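Read the structure below first, then the notes.
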Amino acid sequence: MMENIDNLQEKIKEKYKSLNLDVEAMYKGLLHAKPITYWDYIEVESLLSLQKPRTDFPDEMVFIMYHQVTELLLKMMTHEMKQVCDNDSLTADFFINKLGRMNRYIQMLANSFDVMRLGMDPNQYNEFRFTLTPASGFQCASFRFAEIYSTDLENLADSRLKNNLADNYDIPYLFENIYWQAAGKDYKTGKKSYLLTQFEAKYLKQFIELAEEYKTKNLWQKYISLPENEKNKPELIQAMKELDIEFNIKWPLVHLRAAEQYLDNGSKVIEATGGSEWKKYLHPMYQKRVFFPGLWSKEEMDNWAKEYQ
Ligand code: HEM
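This is how it looks when you write it as structure tokens:
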């Protein structure tokens, strides 16, 4: 029901008085201010001016815009994650509600990846991609932010090193051994590819700060700290497992299938713009990233992603 206009005016006056602002000037401002429009509020013109292809191939537009759509949906995901992590009086119901949103966003991404796999002409892609070298989706930090909000860094360690991490490790050490190093680090010499060096120069400091801040309050830690009766709610466990499946199996698999469509024509595997050994690296069975390990049996972890192939 609409509030009485006199009441509203009283509240407005009180608000500005308490801020020590001139109430009359504020009213005059309201009198002259133009009503908001859709296009200003949504920033339509700015948003639609952000697509700048580097070539004349029409399908480069699809490539750019689908990456941008992904960035927006990942931002929507981390927006929900932060609300759970920063909540000091978290309940299972609030957690379930937010996980529902995260799951819908990541499902949108996994279910729409055919925009890439089928929506771009491979011949056009295999021409315009040279203008993108040496950039790669690998350098998308939003996925990594979502991972840091979701779990302990130990759970993101390279699957080959997980059981042999040094004692008393700190956060920079864990980043040195994180799964994504395998896309660009020569483990014999320690030398890193240009792709990886650039990525770390731009984001590592930010990643370390975020991991420090969320070390005790990422989604996994928030779950662990819930009281027993809340923690055991089947809908909560179900929603958490769903996030693990969508984020760490389904999306990586649809992405890998798209990469194969464009970079592996059956007779020849083309080198990716970022230069990784991508066929192996991108497979979720190889990476074995699991946000919520305590919710899965040893057998399920050992066979991670096998049944979704
Ligand atoms: C035809 C489309 C695509 C192809 C062929 C492709 C190919 C690849 C390849 C080969 C890699 C391995 C790193 C490298 O050497 O470059 C990679 C990594 C990655 N790409 Fe894509 N990609 C495509 C679309 C996308 C889209 C739309 C996104 C959304 C942002 C994306 C995000 C990523 C991410 C996050 C990684 C790192 C994955 C990880 O570290 O596990 N890619 N991509």
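Each position in the sequence shown, counted from 1, maps to that position plus 31 in the working numbering. C-beta atoms are modelled at their ideal positions from N, C-alpha and C, and glycine is treated no differently. Computed from a predicted structure; not experimentally measured.
If you compare alpha carbons, which of K311, S181, P89, D295 is closest to I255? Per the Cα distances, S181.
V115 in three-state terms, based on DSSP: When secondary structure is reduced to three states using DSSP, V115 falls in the helix class.
If you draw a straight line from the C-alpha of L235 to the C-alpha of E45, how long is it? If you take the alpha carbons of L235 and E45, they lie about 47 Å apart.
When the Cα atoms are used, what is the spatial distance from A270 to P258? A270 and P258: Cα-Cα distance of roughly 18 Å.
I need the straight-line Cα distance from T101 to E91, nearest angstrom please. For T101 and E91, the distance between alpha carbons rounds to 16 Å.
Could you tell me the alpha carbon to alpha carbon distance between N186 and Q40, rounded to whole angstroms? Their backbone Cα atoms lie some 54 Å apart in a straight line.
Measure how close the beta-carbons of D275 and F323 come, nearest whole angstrom, since I'm counting them as under 8 Å. Taking a contact as a CB-CB distance under 8 Å, the pair D275 and F323 counts as one, their CB atoms being some 6 Å apart.
Along the chain, which unbroken stretches of the alpha helix (DSSP H) at least 4 residues long are found entirely within the region 183-243? Correct list: 202-207.
Give the C-beta separation of E277 and Q138 to the nearest angstrom, bearing in mind that I take them to be a contact with Cβ-Cβ under 8 Å. With a Cβ gap of about 6 Å, E277 and Q138 count as contacting.
Throw me the rounded Cβ distance for the A141 and V285 pair, which I believe falls under 8 Å. Yes, A141 and V285 are in contact; Cβ-Cβ is about 5 Å, under 8 Å.
Would the beta-carbon of S307 be found less than 8 Å away from any heavy atom of the ligand HEM? S307 Cβ: within cutoff of the ligand HEM.
Examine the ligand ZN and report whether any of its heavy atoms sits within less than 8 Å of the Cβ of G221. The ligand content of the structure shown is limited to the ligand HEM, which means the ligand ZN is not among them.
Simplified DSSP assignment, three categories, for V93: DSSP places V93 in helix when its eight states are reduced to three.
Do the region 113-130 and the region 261-268 meet, that is, are 3 or more Cβ pairs less than 8 Å apart? As far as the Cβ criterion goes, the region 113-130 touches the region 261-268, which means the pair count is three or higher.
Burial state of M133 (16 or more Cβ within 10 Å): By the Cβ neighbour-count rule, M133 is buried, with 16 or more other Cβ atoms within 10 Å of its own.
Could you have a look at V321 and say whether DSSP puts it in helix, strand or coil? In this structure, V321 counts as coil in the three-state DSSP scheme.
Check whether the Cβ of G168 sits closer than 8 Å to any heavy atom of the ligand HEM, and report yes or no. Within the cutoff, so yes.
Name, in chain order, the residues that DSSP records as bridge partners for V300. In the DSSP output, where bridge partners are listed per residue, V300 has D295.
7 Å Cβ shell around K281 - same chain, five flanking residues per side excluded: If we look at K281 and ignore the five residues flanking it on each side, its Cβ neighbours are A141, Y339.
Where K233 falls, given that 16 or more other Cβ within 10 Å makes a residue buried: Note on K233: under 16 other CB atoms within 10 angstroms of its CB, so exposed under the neighbour-count rule.
Nearest neighbour of L250, chosen from D87, H110, N38 [CA to CA]: Nearest C-alpha to L250: H110.
Secondary structure, alpha helix (DSSP H): runs of 4+ residues fully inside the region 145-175: Whole alpha helix (DSSP H) segments, 4+ residues: 145-148, 153-159.
Rounded distance between the beta-carbons of K272 and L226, thought under 8 Å: L226 to K272, Cβ: 32 Å. No contact.
Going by the beta-carbon positions, is the gap between D333 and K310 smaller than 9 Å? The answer is no: Cβ separation not under 9 Å.
Anyone know if the C-beta pair for T86 and E158 falls short of 9 Å? In this structure, T86 sits near E158, with a CB-CB distance shorter than 9 Å.
Buried or exposed for S342, going by 16 or more other Cβ atoms inside 10 Å? What is shown of the chain runs 32 to 340, which leaves residue 342 out entirely.
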